[in-house]
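Count along the first sequence from 1, then add 774; that gives the number in this note's numbering.
Quick reminder that beta carbons are idealized off the backbone N, C-alpha and C, glycines included.
What follows is a single structure, written as structure tokens, with notes after it.
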Amino acid sequence: MWVLHIPQSVQQASFRTQFYQPTCTWRPPVCSLTINPSLSAAKDNNNNQLIQSLCRQGKLKHALEILSEEPNPTQQTFELLIHSCARHNSLSDGLNVHGHLVDSGFDQDPFLATKLINMYSELDSIDNARKVFEETRKRTIYVWNALFRALTMVGHGEEVLHLYSEMNLIEVPSDRFTYTYLLKACVASESLVLSLLKGKEIHAHILRHGYEAYIHVMTTLLDMYARFGCVSYATCVFDKMPVRNLVSWSAMIACYAKNGMPVKALELLRKMMLEGHDSFPNSVTMVSVLQACAALAALEQGKLIHGYILRRGLDSILPVISSLLTMYGRCGELALGQQVFDQMERRDVVSWNSLISNYGMHGFGKRAIQIFEEMTYQGVSPSNVSFISVLGACSHAGLVEEGKALFESMVRKYRIYPSVEHYACMVDLLGRANRLDEAVKVIEDMRIEPGPEKLKMWDEVKRVKQLLEARGLQKIPGCSSIEVRRKIYSFVSVDEFIPQIEQLHALLVKLSTEMKEQGYVPNTKVVLYDLDEEEKERIVLGHSEKLAVAFGLINTAKGETIRITKNLRLCEDCHSVTKFVSKFANREILVRDVNRFHHFRAGICSCGDYW
DNA sequence: ATAGGGTTAG
């Protein structure tokens, strides 16, 4: 049982600073650099000081005017100018300053070359960043690292790994920053399997050179394994960390939350609060924790987290609120989600998307479209995810024409080009409505523009996993979960160690008999084994969802809503039995299947038997 | 000589 409470001792714990000492005394040799003495001798004159001061005041244009009259700008002047160009997001000014650098011979200064690479990276001009690197003759580790970072940020992981081997050939030693960029490069690399191998190789380099004592390096390593879905490797790294801080705890919690292990995520949060000393969960931690609650439909847990967020004053942070909104939605509490949304002081496109997807998931397609329109009316431009949410909503509600119109408006009105997911939504929408010809046409018309894939990492992991499962012809066992008094109980139909199993079976048999008297015929077509009808009926009656419903009936108070989550789609038999139970036992039953919500009340389901 | 890393929403 994992009830969350914050112990007094944790609340009052004082902040202590921990320093990390590497276990190995080996250090990369310092690369000595010499700058043209005539350049370094240049003294800050009045003009230089004026330029620097203008840069600090954000008056870039004025600074540039003076620069053009100054024959001897100093290193510090250039540093401030470069920084200023990046801050003003002005590539043309950046190129201009770069030109002055070349004129005055400062472009070969590795310090300024590093700054230039960072500037171009911030200005989204990777080609210029690369060019600076290529033209710099004295490449210190800072110069290498700057390019690695820039390339990683735009998803050119393979290029980083390639350059890394070049760097090793000419025997430039890596430092702790190099390793963090390399690990990120593996994640940003195109080939998943190959880069996992590469990541393990870099892990070995890290150990060999004694960098396992650096918390930044180890946290990045943990995160890399997490993003590859290698939870056990990530756990291993986490367990071996000599000291942990807020970020490493958060990274590990995120790992569990993102890899389908929400219970582990919540357990680790509890452990963090008890043993984490000065590591208080922050907004980033909360986002992952809320995802875990959402995955489990653990409403009571989620409410406790909500309380914690309020107490810690994290309730103005947009990512926190958006995940809170989603958590309520995925726990079946549409109204609470709406309330959270209504109370937000500012909203961004993600907050709107969360609300749209909440309504969509519950089958309120029209409402979802309304919210979408309200969003655009209020001047918030929809993102590609807005369309995934609203098209999904149309699909769940069977709103074919509306969906087609929205899909069409995507490119025409908003210049957003549909991705695989958008096409999948359309195929789903048309397919469900039995308009197969049109669905086929959508597939034929597909023209996918390759976009930056870094962002889609988790989807990719999921896809690969599904692929592997399909290859191994493994059927995913149906699993249903229910939260009773802040404890999560999970049911798998083949599990023999289910609590109160006899009681549950007895109740189900009784319900089934009762239903048969009222004309119910068990629907056994999901059983794909050659068995006699009676045996098939027995199997269907043992479906995990029915077990969870029965468990809920026995263990919750009369009139209390029963909330269930299921990892697969609902089967038709479970659907009709749950409808019956909602009427017979006079209970509201909320079931979230892999796609959407079913809200059973008085013998009727919110999906209108269309799912 | 100087400089720069890690965890986050739909």
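Asked: Assigned exposure category for residue 1170 - 16 Cβ within 10 Å defines buried; Found: buried
Asked: Neighbourhood of residue 1322 by C-beta distance below 6 Å, restricted to the same chain and skipping five residues each side; Found: 1254, 1256, 1265 and 1338
Asked: Where residue 831 falls, given that 16 or more other Cβ within 10 Å makes a residue buried; Found: exposed
Asked: Own chain residues within Cβ distance below 7 Å of residue 1201, not counting five before or after; Found: 1213, 1216 and 1217
Asked: Cβ neighbour criterion (16 or more within 10 Å) applied to residue 1271; Found: exposed
Asked: Contact check, residue 1172 vs residue 1142, beta carbons under 7 Å; Found: no
Asked: Element boundaries [alpha helix (DSSP H), containing residue 1009]; Found: 1005-1014
Asked: Per-residue burial, residue 1386 [other beta carbons within 10 Å of its own, 16 or more giving buried]; Found: Residue 1386 lies beyond the range of the chain shown here (775 to 1385); nothing can be said about it.
Asked: Nearest candidate by alpha-carbon position, reference residue 1251, set 1317, 1262 and 1310; Found: 1317
Asked: Alpha-carbon spacing of residue 1197 relative to residue 1220, whole angstroms; Found: 7 Å
Asked: Local conformation of residue 1379 per DSSP, three classes; Found: strand
Asked: Cβ pair count under 8 Å reaching 3, the stretch 840-853 against the stretch 878-885; Found: yes
Asked: Length-filtered (4 minimum) alpha helix (DSSP H) runs lying within the stretch 1078-1159; Found: 1092-1104, 1108-1116, 1123-1135 and 1139-1151
Asked: Supposed close pair residue 1042, residue 1026 - CB separation, criterion 8 Å; Found: 6 Å
Asked: Cα-Cα separation, residue 1149 to residue 1156; Found: 8 Å
Asked: Boundaries (first-last residue) of the alpha helix (DSSP H) holding residue 907; Found: 900-909
Asked: Local conformation of residue 945 per DSSP, three classes; Found: coil
Asked: N- and C-terminal bounds of the beta strand (DSSP E) containing residue 1264; Found: 1261-1266
Asked: Cβ neighbour criterion (16 or more within 10 Å) applied to residue 1036; Found: buried
Asked: Candidates 1133, 1379 and 927, of which the one nearest residue 962 by Cα; Found: 927
Asked: Residue 1339, enclosing alpha helix (DSSP H) - first and last residue; Found: Here residue 1339 belongs to no alpha helix (DSSP H); instead the beta strand (DSSP E) covers 1336-1340.
Asked: Closest Cα partner of residue 1371 within the set 1137, 1377 and 1354; Found: 1137
Asked: Neighbourhood of residue 1327 by C-beta, 8 Å cutoff - its chain only, sequence neighbours within 5 removed; Found: 1281, 1336, 1355, 1359 and 1361
Asked: Cβ separation of residue 1062 and residue 1031, assumed to be a contact under 8 Å, to the nearest whole Å; Found: 4 Å
Asked: Residue burial classification, residue 898 (beta-carbon count within 10 angstroms, cutoff 16); Found: exposed
Asked: Residues bridged to residue 1319 [DSSP beta-bridge criterion]; Found: None, per the DSSP bridge assignment.
Asked: Supposed contact pair residue 989 and residue 1017 - C-beta distance, whole angstroms, cut 8 Å; Found: 7 Å
Asked: Residues near residue 1296 in its chain [Cβ-Cβ closer than 7 Å; skip 5 each side]; Found: 1311, 1314 and 1347
Asked: N-terminal and C-terminal residue of the alpha helix (DSSP H) that residue 1275 is part of; Found: 1275-1291
Asked: Span separating the alpha-carbon of residue 1046 from that of residue 1131; Found: 31 Å
Asked: Uninterrupted alpha helix (DSSP H) stretches inside the stretch 856-900 (no shorter than 4 residues); Found: 865-877 and 884-896
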